[in-house]
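J.: In the order they appear, the protein sequences are chains A, B and C. Throughout the first sequence, residue numbering follows my numbering, covering 1 to 345 in sequence. Throughout the second sequence, residue numbering follows my numbering, covering 346 to 690 in sequence. Throughout the third sequence, residue numbering follows my numbering, covering 691 to 1035 in sequence. Backbone N, C-alpha and C define an ideal beta-carbon position, used for all residues, glycine too. Here the structure is a predicted model, which is why all the values come from computation and not from measurement. Take this structure first; my questions come after.
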Amino acid sequence: MTEITLAKVAEITGGVLIGDGARRICGVCSPNEPRSDMLCVVWEKNMLEGIPGNIAVLGEKGSIKGRDGVELDRPRAALVSLLPLFDRRRGDSPGIHGRAFVHENSIIGEDAAIGPGCVVSDGAVIGRRVVLQANVFIGKNVIVGDDTRIEASTAIQDFVKIGSRVTIHSGVSIGCDGFGFVPGDDGRWNKIPQIGTVVIGDDVEIGANTTIDRATFGVTEISDGVKLGVHIHIAHNCSLGPDCMLVGFIPVGGSSKLGRHVLAAGMSGIADHIVIGDNVTIAGRSGVSKDIKSGLTVSGFPAQEHMAEKRYQASLRRIKSYGERLKKIERFIRSIAAGFGKEDI
Amino acid sequence: MTEITLAKVAEITGGVLIGDGARRICGVCSPNEPRSDMLCVVWEKNMLEGIPGNIAVLGEKGSIKGRDGVELDRPRAALVSLLPLFDRRRGDSPGIHGRAFVHENSIIGEDAAIGPGCVVSDGAVIGRRVVLQANVFIGKNVIVGDDTRIEASTAIQDFVKIGSRVTIHSGVSIGCDGFGFVPGDDGRWNKIPQIGTVVIGDDVEIGANTTIDRATFGVTEISDGVKLGVHIHIAHNCSLGPDCMLVGFIPVGGSSKLGRHVLAAGMSGIADHIVIGDNVTIAGRSGVSKDIKSGLTVSGFPAQEHMAEKRYQASLRRIKSYGERLKKIERFIRSIAAGFGKEDI
Amino acid sequence: MTEITLAKVAEITGGVLIGDGARRICGVCSPNEPRSDMLCVVWEKNMLEGIPGNIAVLGEKGSIKGRDGVELDRPRAALVSLLPLFDRRRGDSPGIHGRAFVHENSIIGEDAAIGPGCVVSDGAVIGRRVVLQANVFIGKNVIVGDDTRIEASTAIQDFVKIGSRVTIHSGVSIGCDGFGFVPGDDGRWNKIPQIGTVVIGDDVEIGANTTIDRATFGVTEISDGVKLGVHIHIAHNCSLGPDCMLVGFIPVGGSSKLGRHVLAAGMSGIADHIVIGDNVTIAGRSGVSKDIKSGLTVSGFPAQEHMAEKRYQASLRRIKSYGERLKKIERFIRSIAAGFGKEDI
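In structure tokens, the structure reads:
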């Protein structure tokens, strides 16, 4: 079990040590389950209430008094450097496992780890230090960049190109045919062949069971630094700019183009042929059916500028009083209508 | 082909035999497709209309007259004991298939069936009578309890712990990294390592292509008796109490806590950091963005108490008449305004 | 690299050649990225603006002037015959790969290609020219028709029957247990065994990571020509008529019946026990909770006839003005109320 001192924590995270620097911790815990042998991570000051004084804390500047701990501007960001120290998971050993199948016409980079049940097809090129965990399918002529990790039960179809330092989780399907059909004269559907491919940049993360379809022709493009969560679908011919983040359960319709650093929250969706600018934020459950200019935050269905949507929703909530007010007005008017020679309004 | 008598059906289900106890049935059918050699299961009395008199029926007490059948309080519950008799599917033979890979440092329980293409990694412990169907990936140090069944193309990542009598269907991903990033100074996303794990209790069922992420640190917890349908996502650090039932297409956001026996219908969703009490019911397509107290039924987006939501929706439906009523009032007022020295309102 | 002349394009697509029939193209491109060595496909006339005159175009009748190209009534439909010429992907070689496991009691049709990591179980029957790409699981007694293609990491459970010329993409789960439980006296969930199966017709396409559950008893039925996109769920005992098209992210609840040629757009959903007629169109994000008659287009949640929903949504958008109008009316009435012996309304 890894043990480090609070002094070391301060050094690694660039934080300020408070109290006993020689105190040792064996892991990280949350305010809900504080442990005296671990370091309790406190995102917000009000979480400190109720945590016993003998618990060491990683917290915001000025938040720690009378206890051991480390203070920083952004405690959550410190986890990036701190957590790897306590990761029990071990790496995968380089080499081609005896139960993997690697086609003789493929190229496997130095120190790559090809696990049991993996299939690397004819013409594929696998970079250095790539990990294919187990039961991963790599189609023909696929290219996988250095230091990329692909976890079990994922399938990468022919000709897909994946960058370096990419992480792809389990159950992902990349490069399947896009969904394109035209009605025939007999009312049946004729399939439009999907002969394009998918190109994925560097430093991309793709969550479990997400799907990315190949282009009808040309490419479906996922730029450098994009982070996709789970159960996402990127349809044929889409293009996602650098550093987009899509949280989960989000379909992006065919040929839609997202600029750089677009954020989309869970259960939102984007129709096909939509153009979205840079730095756009899409709220949870919103449905985007029109182009969105750079810098906007949108919500609702159909999605509109977020403040307009909030006002609209607030106006709907006021409707309950309107019925009552109408009734009162009508009662008054009825009571005076006869005086104006009218039976009713 | 299995054949049993109606007398036997009455005995197995604890029902009351009506008519010919020696009559033999070879299966179970629905009112839509009644067959004279099968037992027709009738959930509701009005389904009986139109079913020919020569069809044997499993129905509610008092519903069967002038035909053969078995009556009980809850016909649907009788299926639990009745259907296994007619299940054509055969069990998987114990033993490690020649095409499975089982690491030498793993432990395989007595009478476990490890199918072709399965991978059991270093340090994993597989319980007695466990079935790993085919192409199942079991990561390092995973623990699987007795009598658990894991179907094809499912991946269980390192250190995940699964209880006994659990059923996990195809395409499931358990223990993938949670989705956690912090923005760096350069606008890029830095990944927060996800070093926790997932703990799944006993008697849990997990539907096809569902995903459960490991905790950032600590555990993502699925308690005993939880039933998850298809295409569900349980994010990092969530906790689901005993006997929760989530039907399908439901994301549960990070760190949310569900009490015992929470029911969530299809396409509902739960945001992150939400606390939901016991015996809560969440209607289909509702979006839960606030904590919910025990015992409540909620619907809508944002989800609120169900009766309030129903009243709100009804008030919206009334709005169509409001425009008309406003116009009439305005017309009347305009007609009298001059008399009060006003041109208009 | 394939190269063909524009004359050949005209011949294959049945279009009219404009300009230089001897000009050679090596592929197809889109108006966003026109290339002089390819054929630019232009769906709509207004896309032609901005495409340099030296680019050859496949466009609508009458749209091409002063450049090389081919004109037809429906340029998009021409892709069905044109794109295969430029497909770089090569077929899979017939034969059983050395790393596949094929049970001795299964039958493999002539010229079938069973790829590495595939598992064909006891009693399965695989048709002629079937392709099982890699790591595909075929359960016991499964039947797969001729010319069907099943891609990597897909699992087909016992007794499922699949027709001819079916394409099933990666990560699909077919024949997993339906989601059926009854509450026990102790508050726990008792599973209703799911002993039925799934029957899939001819010419069906099933998108990546879609799931189709087996029936409780009887069959879940997908008729000829049905096209399912990605992340779709067809629950137990559903029935989809011929040529239905479901785009993506759509759950269809248990026992629902769809007629022929039902179209459902992304993120729509259908509750359980719903009956939908023929030629029904379901708009994106709508939630169907009642039966729908043939020929209707529906939208909204709960879904209703599309024009009624449009009017309803428009009436909601008008509400903002109502508050203002009510205030004005009330102000006027207050100003005259005293004259009628009333303090206020």
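Comparing the C-beta of arginine 35(A) with each C-beta of chain B, is any distance below 8 Å?
T.: no
J.: I'd like to know whether the C-beta of glycine 83(A) is nearer than 8 Å to at least one C-beta of chain B.
T.: The question names glycine, but residue 83(A) is leucine in the sequence shown. Cβ-Cβ to chain B under 8 Å: yes for leucine 83(A).
J.: To which residues does DSSP link asparagine 237(A) through a beta bridge?
T.: None; asparagine 237(A) has no bridge partner.
J.: In terms of residues, what are the limits of the alpha helix (DSSP H) holding lysine 678(B)?
T.: It is worth fixing the name first, because residue 678(B) is isoleucine in this sequence and not lysine. It spans 664-682 - the alpha helix (DSSP H) in which isoleucine 678(B) sits, taken as one unbroken run.
J.: How would you write the range of the beta strand (DSSP E) that alanine 746(C) sits in, first residue to last?
T.: 746-750
J.: Roughly how many whole angstroms lie between the Cα atoms of arginine 559(B) and glutamate 378(B)?
T.: 45 Å
J.: Touch check for the segment 913-932 of chain C and the segment 258-274 of chain A: three-plus C-beta pairs under 8 Å?
T.: With a cut-off of 8 Å on Cβ pairs, the segment 913-932 of chain C is not in contact with the segment 258-274 of chain A, counting fewer than three such pairs.
J.: To the nearest angstrom, report how far apart leucine 384(B) and isoleucine 396(B) are at their CA atoms.
T.: 12 Å
J.: Can you name the start and end residues of the beta strand (DSSP E) that glycine 557(B) belongs to?
T.: Residue identity check: residue 557(B) is isoleucine in the sequence provided, not glycine. Segment 556-558, the beta strand (DSSP E) holding isoleucine 557(B).
J.: In the structure shown, what three-state DSSP assignment does isoleucine 12(A) receive?
T.: Isoleucine 12(A) falls in the helix class under three-state DSSP.
J.: Spell out a yes or no on whether the segment 52-66 of chain A and the segment 769-783 of chain C are touching, meaning 3 or more CB-CB pairs, one atom from each, closer than 8 Å.
T.: Judged by Cβ distances under 8 Å, the segment 52-66 of chain A makes no contact with the segment 769-783 of chain C, as fewer than three pairs qualify.
J.: Within the continuous alpha helix (DSSP H) that includes serine 771(C), where are the two ends?
T.: 765-772
J.: In the DSSP assignment, the beta strand (DSSP E) including asparagine 535(B) goes from what residue to what residue?
T.: Unbroken beta strand (DSSP E) run through asparagine 535(B): 534-536.
J.: Taking C-beta pairs closer than 8 Å, name the residues in chain B that arginine 1015(C) reaches, listed in chain order.
T.: Leu671, Glu675
J.: For tryptophan 534(B), which residues in chain A fall below 7 Å Cβ to Cβ?
T.: Gly225, Lys227, Asp243, Met245
J.: What are the uninterrupted segments assigned as alpha helix (DSSP H) that are 4 or more residues long and contained completely in the segment 122-176 of chain A, given in chain order?
T.: Assignment of alpha helix (DSSP H) within the segment 122-176 of chain A, counting only whole runs of 4 or more residues, yields no such run.
J.: May I ask you to report which of helix, strand or coil DSSP gives leucine 738(C)?
T.: Looking at leucine 738(C) - three-state DSSP - the assignment turns out to be helix.
J.: Between aspartate 710(C) and the rest of its own chain, which residues show a CB-CB distance below 7 Å, the 5 nearest in sequence each way excluded?
T.: Leu696, Asp758
J.: Residues of the segment 167-180 of chain A with a CB closer than 7 Å to any CB of chain C: list them in chain order, please.
T.: Shown in chain order are the members of the segment 167-180 of chain A whose Cβ falls below 7 Å from a Cβ of chain C: Gly171, Ser173, Cys176, Asp177, Phe179.
J.: Between phenylalanine 137(A) and chain B, is any beta-carbon pair separated by less than 8 Å?
T.: So, not an interface residue.
J.: Residues bridged to methionine 935(C) by DSSP?
T.: Lys917(C), Leu953(C)
J.: Is it a yes or a no for the segment 505-520 of chain B touching the segment 185-200 of chain A, going by three-plus beta-carbon pairs under 8 Å?
T.: By the Cβ rule, the segment 505-520 of chain B does not count as touching the segment 185-200 of chain A, because fewer than three pairs are nearer than 8 Å.
J.: Cβ atoms of aspartate 146(A) and glycine 127(A): under 8 Å apart, would you say?
T.: yes
J.: From leucine 608(B) to cysteine 589(B), what distance separates their C-alpha atoms?
T.: Going from the Cα of leucine 608(B) to the Cα of cysteine 589(B) covers about 6 Å.
J.: Measuring straight from C-alpha to C-alpha, what distance separates threonine 626(B) and isoleucine 579(B)?
T.: Near 18 Å, if we compare the C-alpha coordinates of isoleucine 579(B) and threonine 626(B).
J.: From the DSSP output, which residues share a beta bridge with phenylalanine 446(B)?
T.: Val464(B)
J.: Which of the residues in the segment 832-849 of chain C, read from start to end, lie with their CB under 9 Å from any CB of chain B?
T.: Ser843, Thr844, Ala845, Ile846, Gln847, Asp848, Phe849
J.: With 16 as the cutoff for other CB atoms within 10 Å, does asparagine 141(A) come out buried or exposed?
T.: buried
J.: Does serine 350(A) have its Cβ less than 8 Å from a Cβ in chain B?
T.: Any answer about residue 350(A) is impossible in this case: the structure gives chain A only from 1 up to 345.
J.: Just the chain A side, please: which residues come within less than 8 Å of histidine 951(C) by C-beta, in chain order?
T.: Gly187
J.: Taking the continuous beta strand (DSSP E) assigned at cysteine 385(B), which residues delimit it?
T.: 384-386
J.: If we ignore side chains and look at the alpha-carbon of each, how far apart do isoleucine 363(B) and valine 415(B) end up?
T.: 6 Å
J.: Closer than 8 Å between beta carbons: that is the criterion. Which residues of the segment 401-435 of chain B meet it against chain C?
T.: Arg419, Arg421, Ala422, Leu424, Val425, Leu428, Pro429, Phe431, Asp432, Arg433, Arg434, Arg435
J.: Just how far apart, CA to CA, sit arginine 165(A) and proline 116(A)?
T.: 22 Å
J.: Mind pulling the chain A residues with CB within less than 8 Å of serine 660(B)?
T.: Ile319, Lys320, Gly323
J.: CA-CA distance, valine 275(A) and methionine 392(B)?
T.: 51 Å
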